[in-house]
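Read the structure below first, then the notes.
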Amino acid sequence: MSSAGDGVSSAGDGVSSAGDGVSSAGDGVSSAGHLLEVKTLGAGYGIVEVLFGVDLVVDPGEVVVVLGANGAGKTTTLRAISGMIAATGQVKFLGESVLGRRPDQLAKRGIAHVPQGRGTVTALTVEENLRIGAYVRSDDQIESDIQQWFEAFPRLGERKDQLAGSMSGGEQQMLAIARALMSRPKLLLLDEPSLGLAPLVTHEVFDRLREISASTGTAVLLVEQNANLALEFAARAYVLEAGRIVLSGNSADLQGDAAIQKAYLGV
Amino acid sequence: MSATATTGASAHRSPGDWALKVAPWVVLFVILAIVPFQFPSFRVEQFCFWMTLAIAACGLNLLTGYNGQISVGHGALFGIGAYTTGILITEFGVPLFGATVASAVLCFATGILIGLPALRIKGLYLALVTLAVATLFPLLLEQFSAITGGSGGLQITSPQLYRGEMRERPIRLESPVAGLENDQWKYFVFLGITVVIFILSRNLIKSRVGRSLVAVRDNEVAAESSGIPVSQVKIVTFGLSAAIAGIGGSLFALDQGQLYPSSFTIVLSIYILVAVVVGGAASIIGPAIGAVFYGLFSDVIVQQMPDRIQPARAVILGVLLILLMLLAPGGIVGGFRTLQAKWSARRSSALNSGPDPIV
Amino acid sequence: MRDFLQILLVGIGDGAVYAMLGLGLVVIYRSTGLLNFAQGEMAMFSTFIVWTMWSLGLPMWLAILGGMAGGFCVGALVHQVAVRPVGDPHEKPLAVVIVTIGLFLGLNGAAQLIWGTLDRSMPPLFGRGQVTVFGVAVAWQKIGAVIVLGVMVLLFYLLFQHTKLGLAMRAVASNSESASLVGIPVPRLLMLGWGLAAAVGTVAGVFIAPNLGLGTNLMQLTLIFGFAAITLGGFDSLVGAVVGGFVVGALSSVMPRYITIFEKMPLAPAFILILAVLLFRPEGLFGKKQVTRV
Ligand SMILES: Nc1ncnc2c1ncn2[C@@H]1O[C@H](COP(=O)(O)OP(=O)(O)OP(=O)(O)O)[C@@H](O)[C@H]1O
Ligand SMILES: [Mg+2]
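Following this line, the structure appears as structure tokens:
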């Protein structure tokens, strides 16, 4: 924790010394421009506090990663944002305060969340999982979207009538991501998508995500253990430690800084 | 739960604390001792019934509260204990004490039998099976009316000296102590047995065996991997729990002197379960408190209500149960513990003026 | 032989009713993962609503619709105020069992308060006539029960397999967390599931009441038959409830006739069935094996 103060930057306002200021949260861009704006977010489980004032922003179409050690509170941050657990502070989505809303209400507003591990509905078939992903939609392109996913991930297409619960862990992870994107969200919260995926498949998934994000303008807030991969994929990064953001900045800067690599990213 | 355990363990054993701990028990025993002299005979009879209910609830609590196996069928085990006692005394002339022991043994065996499926089925499914057992039991009694007397009832009799000759007469517990009425004597006999059973189950729970019960309840897989023979623990717990319920039933038979299938319907099973959860599952004394509350409710409060709204008794009980689960799932004892923990946390934070310790 | 057929057909007619009750249980299990011990009492309660409307002069079919609507409201209300606040049945099975038992007591007592303890009589929906097929007499009422059951199953099948709502209900039952993350209003769907189950129970009650007499313990034995049916068929299978209902009905009708020990307890075969299935094939004939991960 004390290392937050030395060297690179203080908590919350970006690697201002190294970057050109694009990423610095809270100044420059007006708050109306942010897709997601989280301020002094606090959350926990029962009497155990996990988050102690997390600040972060995600702009439309942007890909942002949250890095941190096990137990730092990354999953908790995502859960608090998507309304799965009670939280304090401020969460603004599209300029509207959404703290205290249920997950399904946020889904309707355009936040999709792929939780860590078991994100599929195991008792539904693969195809039904995709269809349920489009629950908030009522347009006529749902079927063609499903077909597109089958083309993108042929393994899903081959197993479309199989129960999701009987798929391999990696296949389920793919399905969970595809299902989340079926809602055509404005913001995708992704919790450790690489978990259980083979390195090659991980790359495939990230490539695909980048494509989608670029073509549809979907912003992504990613939580990832694999720091190098994540920094390649994301434009900006936050580092979470013991429930606080201790560092943030452009991926390129974080990648280049050996001290940061050592201190936070365990490389 | 852990809150009281830790504070209890870490408390300094000063004489004052000791007195504070013992005093409530002394008061309780004094009250229990004078109660039969303060109430009319019919009330004392009712207290005897409450004790049989408390014993059955104590047995169910071992199973459901500490071991996590839900049974909605303990009324049937209670009934088996009652009918075994009745039949042994009436048909075979077995002495009372022998009949009670035999009932416990038979119920232990029955419990093991019911416990066998419980190895494979859990939670709601076990509840379903035991529910079916409870529904079936009175029908079984009617089916085998040749030995149970069917719906005509079973009169429990024993050969007794009457006007100079031996005759089959309704059993009763004769007071051997001058100045003690029969019902008062029965009260003290029942009280003695009840206290012994509660103390024995307390010792069981505090022992290593008891800790393995709880370990199995909390996480079977973890218990298994730390070397606890999960299947054995579950089956034996079922047996023990059934045996205790059987003892309760046996006393019930002695108490009533006559048995009817209609006393052992699903409703009885529900009442035993009610006693457990109202008092507080997974607390030793909880089932006794629950039994007393149930007794007060059905024998005292409900009796005050006009006849026309008697069915309201079920409504009130149902609503109370639901409210209890919503507001204080730990029952009376659990609610008390929560209050206590809050109070002691406030006190210690006031003393240390530091942050609350994480309990 | 004719005797046997006669008894078998009676059993199958009863079985249709067990299946109806079973359908309600399956619907609740599917949408909430819960075995509802108060299902029978909910059905009894709404059957009394039917009776009240009918005895006020409404035509029977209208009374039944009214009873179903009433049942729906009771079920939905019960879920909102009592069941949902308690929490997840898989995490706190004891609390949930106690709540359904509380409902059992409460509904039963409420019915006694409102309608008294005397049995009421209700006419059979399909009259008292019967047809003779191959020398065996079959009551129209039984045939009617089978047909109504068929229609109900078809409707539920369409709901669960071919509508967005049904898909959402299944998603909620399987993984309510993920369901809520894709935008499904979970609490509302659970409420709907309870309402539907209660409405279905009404129909079962309307078929049973003419036989047993409409009293507050109308459903207590029948519920065990219903549980036996879905245990055999699989807790989450609609088809299973139907097949299970027929098997249980047939067994409970035939066995007591030929095996004297069951004479006074037609319930016993059902009980043995429950036990055997849970022991040897817990997922039932048509149920899906629970995929559980530690
Ligand atoms: N359901 C829960 N109940 C109680 N404590 C929890 C719960 N979930 C997480 N925690 C605690 O909260 C802290 C943060 O957990 P979180 O899951 O957010 O970490 P994480 O950064 O996502 O870690 P990982 O990289 O291992 O997924 C941990 O100390 C954990 O023990
Ligand atoms: Mg995590």
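Protein chains in written order, with the numbering used here: chain A, 53 to 319; chain B, 35 to 393; chain C, 1460 to 1753.
Even glycine gets a Cβ: it sits at the ideal position worked out from N, Cα and C.
(1) What residues from chain C crowd round residue 271 of chain A, counting only those whose CB sits closer than 9 Å?
(2) Could you tell me the alpha carbon to alpha carbon distance between residue 1741 of chain C and residue 199 of chain B, rounded to whole angstroms?
(3) List in chain order the residues whose CB is within less than 7 Å of at least one heavy atom of ligand 2.
(4) Can you name, in chain order, every residue of its own chain whose Cβ lies under 6 Å from the Cβ of residue 1483 of chain C, other than the five neighbours on each side?
(5) Per DSSP, what are the beta-bridge partners of residue 91 of chain A in this structure?
(6) Count the CB pairs spanning the stretch 1465 to 1472 of chain C and the stretch 1671 to 1679 of chain C that are closer than 8 Å, and state whether there are at least three.
(7) Could you give the first and the last residue of the continuous alpha helix (DSSP H) run that contains residue 261 of chain B?
(8) Determine, for residue 178 of chain A, whether the minimum Cβ-Cβ distance to residues of chain C falls below 7 Å.
(9) Cβ of residue 97 of chain A versus every heavy atom of ligand 1: is any distance shorter than 6 Å?
(10) Over the uninterrupted alpha helix (DSSP H) stretch that includes residue 1491 of chain C, give me the two end residues.
(11) Let me check understanding here. Comparing Cα to Cα, which of C:1731, C:1714, C:1693 lies closest to residue 1746 of chain C?
(12) Would you mind working out which of C:1461, C:1578, C:1621, C:1552 sits nearest residue 1594 of chain C, comparing C-alpha positions?
(13) Just the Cα atoms here: how many angstroms apart are residue 97 of chain B and residue 272 of chain B?
(14) Return the residues of the stretch 350 to 373 of chain B that lie within a Cβ-Cβ distance of less than 7 Å from chain C, sorted by chain order.
(15) According to the neighbour-count rule (16 or more other Cβ atoms, all chains shown, within 10 Å of its Cβ), is residue 1549 of chain C buried or exposed?
(16) Interface residues of chain C around residue 173 of chain B at Cβ under 8 Å?
(17) Using a Cβ-Cβ cutoff of less than 8 Å, which residues in the same chain neighbour residue 176 of chain A once the five nearest sequence positions on both sides are dropped?
(18) Does chain A have any CB closer than 7 Å to the CB of residue 1466 of chain C?
(19) Closer than 9 Å by beta-carbon distance: list the chain B residues that pair up with residue 1478 of chain C, in chain order.
(20) Helix, strand or coil: which one does DSSP assign to residue 114 of chain B?
(21) Using the C-alpha atoms, what's the distance from residue 178 of chain A back to residue 1739 of chain C?
(22) At a cut-off of 6 Å, is residue 183 of chain B close to ligand 1 when judged by its beta-carbon and the heavy atoms of the ligand?
(23) Are there any heavy atoms of ligand 1 lying less than 6 Å away from the beta-carbon of residue 122 of chain A, as far as the coordinates show?
(24) Taking only beta-carbon positions, decide if residue 1644 of chain C is within less than 7 Å of chain A.
(25) Distance check for residue 1589 of chain C and residue 1596 of chain C, CA to CA, integer angstroms please.
(26) Taking the Cβ atom as the reference point for each residue, do residue 157 of chain B and residue 1552 of chain C lie within a distance shorter than 7 Å?
(27) For residue 339 of chain B, is the classification buried or exposed, using 16 other Cβ atoms within 10 angstroms of its Cβ as the cut-off for buried?
(28) Is there a Cβ of chain B sitting closer than 7 Å to that of residue 1738 of chain C, yes or no?
(29) Report yes or no: is there a C-beta of chain B within less than 7 Å of the C-beta of residue 1552 of chain C?
(30) Count the CB pairs spanning the stretch 347 to 362 of chain B and the stretch 110 to 117 of chain B that are closer than 8 Å, and state whether there are at least three.
(31) What residue range does the alpha helix (DSSP H) around residue 80 of chain B cover?
(32) Starting from residue 305 of chain A and walking both ways along the alpha helix (DSSP H), at which residues does that stretch end?
(33) Label residue 107 of chain A either buried or exposed according to how many other C-beta atoms from any shown protein chain fall within 10 Å of its C-beta, with 16 as the threshold for buried.
(34) Consider the Cβ of residue 1509 of chain C: report whether some Cβ of chain A lies at a distance smaller than 7 Å.
(35) Taking the alpha-carbon positions, what's the residue 1638 of chain C to residue 238 of chain A distance?
(36) Going along chain B, which residues have a C-beta under 8 Å from residue 1572 of chain C?
In brief:
(1) Simply none; closest approach about 17 Å.
(2) 60 Å
(3) A:126, A:127, A:168, A:243, A:244, A:275
(4) 1498, 1656, 1659, 1660
(5) A:142
(6) no
(7) Segment: none, residue 261 of chain B is in no alpha helix (DSSP H) and carries neither H nor E.
(8) no
(9) yes
(10) 1461 to 1491
(11) Comparing Cα positions, the closest option is C:1693.
(12) C:1461
(13) 6 Å
(14) 351, 352, 353, 355, 356, 359, 360, 363
(15) exposed
(16) 1723, 1724, 1726, 1727
(17) The beta carbon of residue 176 of chain A sits closer than 8 Å to those of 184, 215, 216, all from its chain and outside the five residues before and after it, given in chain order.
(18) no
(19) Neighbours of residue 1478 of chain C on chain B: none; closest Cβ ~18 Å, over 9 Å.
(20) helix
(21) 30 Å
(22) no
(23) Residue 122 of chain A: yes, Cβ under 6 Å from ligand 1.
(24) yes
(25) 6 Å
(26) yes
(27) Counting of Cβ neighbours within 10 angstroms places residue 339 of chain B among the exposed residues, the total staying below 16.
(28) yes
(29) Interface criterion met: the Cβ of residue 1552 of chain C is under 7 Å from a Cβ in chain B.
(30) No, they do not touch.
(31) 75 to 94
(32) 303 to 308
(33) buried
(34) no
(35) Distance between the alpha carbons of residue 1638 of chain C and residue 238 of chain A is about 18 Å.
(36) Those are 343, 345, 346, 349, listed as they occur along chain B.
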